[in-house]
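For the record, in the sequence shown the residue sitting at position 125 is 126 according to the working numbering, with numbers rising by one throughout.
Every residue, glycine too, gets a C-beta built ideally from N, C-alpha and C.
Remember, predicted model here, so these are calculated numbers, not experimental data.
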Amino acid sequence: MSPLHQPLFPLLGPALLAGMTLLTPVLPAQEGDDEPVPFLLIGEKPGDKGDPADGGEPGQTAAEPPAPLSAQISQHIQKLADTEREKRLAFMKVVIDDIVRLCQLDEAQREKLELAAKGASERSMKVWHEQAERYFRTRLENTDADAAKNTLEGMGNVNFGGNRSEEEGESLVLWKESLKVVLDDEQVAKYEEVLAQRRLDRIDAFARMSLSTIDGHLRLTPEQKSRLAELVHAAAATYLDDVQTYWGDYFERGMLMSLANAADEEQLRAILTEQQFDRLREATSNFDHFWDQKRRLKRAKEKAAERRKNKADKAPDENAAPDRGKNEEDGEASES
């Protein structure tokens, strides 16, 4: 065999071994035989979270103690309040856009209204906060802090401000006064005129919808319909805001017909036949509690107004009594 066919390892082996020796890193000397090589340690160090030696399960962290009950309730209310505040601010933005279009406001006026809207929205949250505090703290009064989180989450969303509560900021005196400051007299007058007409349109539409529903159910004569229209329209003008606050924007058939129940029973009986009256009461019985309360409040206001009137009528007589006495004394004095 020629030298070119000789195996290479016997010739290159020593050189390869020498090179491997030079490339091998030199480990630092250990101070003791019992000291473990640090490169051989694998896994968690003693004392790490979840170390079995510390009593925990591998891969689990120690549970943090729950916050005090009062703090958990406050955090939950704040979370709900943030959502409610955003709803009210979103509505006030619609109001501002409306005013800008109608009154052709400049950018400076718009910015002032946006600032005022934030204040009005926050002021309108006062009743909301009071009701939320009372609701949650009363129901969780005897709840353990450990179970409070699940209890709060399970209570769901509660409407503390009633239906259309996001619109409360627009009706506040604070907002109306802000409009008078930001807008000039002509702009204020124009906007108030538009608002008044919108309200009249809403009242008219609601009353006609109610009367049409009643007519379809009771089959009124033209005379009955004309007389009942007066009662229904008066009820719509007086109670439309209360109805929308109570029921929102969903008006079902029975509720629409119940608008006639704002009138006294004697007034309805004078218009309807006995069968029609009974049929109306049967169809609207689910809403009696609402109208019973409204009629009681109406009678209470009427009695209070009558007492004030009687008191005012008596006042001149009481003031005149000393004058009559004085006149009698003057007469006696002149006779003597």
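The beta carbons of V96 and E171 sit closer together than 8 Å.
Sixteen is the threshold: since fewer than 16 other Cβ atoms of the shown chains lie within 10 Å of the Cβ of R135, the residue is exposed. With respect to the 8 Å criterion, L175 and A118 are not classified as neighbours on the basis of their beta carbons. Contact fails between the region 146-162 and the region 184-197, because fewer than three Cβ pairs, one in each stretch, are under 8 Å apart. For M256, same chain residues with a beta-carbon under 7 Å away, outside a window of 5 residues either side, are W248, F288 in chain order. For D265, the secondary structure class from DSSP, reduced to helix, strand or coil, is coil. Pairing P223 with Y251, the inter-Cα distance amounts to about 29 Å.
Fewer than three Cβ pairs drawn from the region 285-305 and the region 217-234 lie within less than 8 Å of each other, which leaves the two stretches out of contact.
By the criterion of a C-beta distance shorter than 8 Å, M258 is surrounded in its chain by S211, T214, I215, H218, L281, A284, T285, once the five residues flanking it on both sides are discounted. Taking 8 Å as the cut-off, the Cβ atoms of F92 and E178 do not count as close. D242 sits in a helix when the DSSP states are folded into three classes. Residue burial is scored here from C-beta neighbours: E85 has at least 16 other C-beta atoms within 10 angstroms and is therefore classed as buried. Relative to the Cα of E194, the nearest Cα in the group E253, Q132, C104 belongs to C104.
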